[in-house]
Each structure stands twice: as C-alpha cells, then as structure tokens.
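Counting with this note's numbering, you get residues 584 to 813 for the letters of the sequence shown. Using N, Cα and C, we set each Cβ at its ideal position, and we do this for glycine too. These numbers were taken from a predicted model, which means no experiment stands behind them. Here the structure comes first, spelled out in structure tokens, and everything after it is commentary.
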Amino acid sequence: MPEAPAEQSTRRVPSLRELRKLIQLTPHPPDHAVLLTFAKTGIGRGELCNLDLSDLSLTDSDIRSEYDLIRPDWAPEHRPVFRIRLPDISREYPGRRERVSETIVPVGPELMTALRRWLAIRPEGAATNALFLSTSSNWGQRVSPPMIGKLLEQDATRAGLYRKGAGEMNNLTAYTLRRFFAENFPTDQQIRDYILGRVSEPPVDLEQMVEQYIDRIYSLREIPSTEPTD
C-alpha cells in the first residue's frame with residue numbers, strides 16, 4: 584500500500600507581482616490600509632489590532648490636527664513612524680512572541696497615503712482609541728484577529744491568493760505577509776530584524792533607519808501597463 588504523501592511544509596509566499604495585484608483589487612480604504620501595513624512592515628496580526636492612534640507619529644498636519652496627535656518623545660522629529668508596543672495588561676491581543684522590545688517602524692509614502700485615506704473616513708465618535716476599527720457589523724469597535732483573518736480571506740480570494748480547503752500553508756495570511764516582508768525588503772539585515780522585532784535596537788539611529796527604509800522599500804503601486812506579464 585503506497586505511503587500517504589508527506590504534509591507540505593513549505594509556506595507559499597506571494598510574489599511581488601501577485602501582491603501588487605492584491606493591492607490593486609482592494610481599493611476600500613480600511614482594507615487597503617491594513618494590507619499595506621502588513622506587507623510593508625511585517626507586523627503581526629495581534630500587534631496590528633493593538634495599534635492605537637497614540638502609536639502614530641505622522642507628518643501630515645491635517646491628520647495631526649483632526650486627531651489631536653502630537654509628536655511623542657520616542658519619534659524622530661520629521662519622519663512618519665508608528666510604534667509597536669510589547670503586550671501588557673493594556674494590550675487586548677497577544678503580539679509576536681519573538682518581538683524582544685518596543686519597535687519604532689517607519690511609514691513610507693505608499694503606507695502614508697493609505698493611512699491618510701483611512702483616517703479621513705474612520706468612524707467618528709468611536710469609544711476606542713484604536714487605529715483600525717470595524718466598519719461592518721461591529722461598527723466602530725477595535726478590529727480583532729478573527730476580523731482581520733476574515734478580511735484577508737475575502738480580499739485574497741478576489742486576487743486568487745486564497746482558496747477554501749487549501750490550508751494556511753497555501754493561502755494568504757498575516758504571517759504570509761510577514762514572510763513576504765522578511766524575504767523582499769532589500770536592506771541591512773539588522774534593520775530588517777529590528778523592524779520584525781528580532782533585535783532590540785536598530786544598527787543606526789532612528790533618522791537614518793527611516794531614511795534607509797524609505798529609500799529601499801518595495802513599491803506596491805498598481806502595475807504599469809508597460810510592465811510585461813509573466
């Protein structure tokens with residue numbers, strides 16, 4: 584009797600082209616901002632759900648005025664960043680176990696645009712300071728890991744990156760997007776490891792780190808019509 588095939592152990596990570604297609608097919612501002620936050624930073628699902636407005640330090644004066652945001656002591660003066668805090672009793676969801684310290688994460692131009700579009704329509708009068716809120720049945724509430732899982736499933740299905748029954752090793756998940764960032768961000772490994780939370784300090788000061796990130800982060804813009812297909 585033939586042996587059953589061994590369970591596939593290699594996680595499928597989308598290509599840059601596939602991820603660009605996913606972003607292009609996801610124009611809805613909250614979904615678009617969530618996807619870009621995952622793909623551009625490798626943040627964990629619980630960590631994204633835990634983000635508060637106070638974890639943002641943006642250079643957009645309109646957003647800062649609208650949400651009464653001030654530049655915190657931990658942020659560089661002229662660079663947009665956000666903060667991933669370690670889990671504690673004030674954090675609703677567990678973070679990545681491998682994150683060893685609080686992390687300051689750069690915000691590049693594409694993510695800045697996505698956050699600006701989201702914050703322009705973020706539900707008013709919400710009882711929570713959460714950055715990302717539900718705009719569906721749990722309107723105005725902090726997003727939860729199951730909500731994010733459903734969002735990724737729906738958006739990835741449209742782009743051909745999720746198929747029911749295929750299993751998490753073959754489907755797009757938050758962890759898949761973390762792997763995508765780890766494999767595709769072309770920079771000093773220590774900077775990448777810092778953003779992913781594997782080391783406690785960046786190898787350069789925050790200003791330099793943000794500059795290097797913005798210079799080197801891949802674009803997820805719409806695929807140009809002149810770009811050849813596979």
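It is roughly 36 angstroms from the alpha-carbon of P729 to the alpha-carbon of V787. The DSSP assignment places 772-778 and 789-799 as complete runs of the alpha helix (DSSP H) inside the stretch 765-810, in order along the chain (cut-off: 4 residues). Assigned with DSSP and collapsed to three states, I687 falls in strand. Under the three-state reduction of DSSP, D643 is assigned to coil, being neither helix nor strand. Taking one beta carbon from each stretch, the stretch 690-706 and the stretch 627-645 have 3 or more pairs nearer than 8 angstroms; the two touch. Comparing alpha-carbon positions, the option among P610, R799 and T593 lying closest to T696 turns out to be P610.
For V664, the pairing in a beta bridge is given by DSSP as S640 and P689. Taking the Cα positions, L789 is about 10 angstroms away from I774. Rounded to whole angstroms, L694 and L619 show a C-alpha spacing of 6 angstroms. Of all alpha-carbon atoms in D738, Y796 and P663, the one lying nearest the alpha-carbon of R647 is that of P663.
In this structure the stretch 738-750 does not touch the stretch 644-658; the number of beta carbon pairs closer than 8 angstroms is below three. Scanning its chain for C-beta atoms nearer than 7 angstroms, with the 5 sequence neighbours on each side dropped, one finds around L803 the residues L602, R603, I606, L619, A622 and E693, in chain order. Per DSSP, the beta-bridge partners of L716 are R725. The C-beta separation of R682 from I667 comes to about 7 angstroms, placing the pair in contact by the 8 angstroms criterion. Per DSSP, the beta-bridge partners of D635 are A713. With respect to A757, R594 sits apart: the two C-beta atoms are not nearer than 9 angstroms. In the three-state reduction of the DSSP assignment, M730 falls in the helix class. Residue state for W657 is assigned as coil, using DSSP reduced to three classes. P785 counts as buried, since at least 16 other C-beta atoms from the protein chains shown sit within 10 angstroms of its C-beta.
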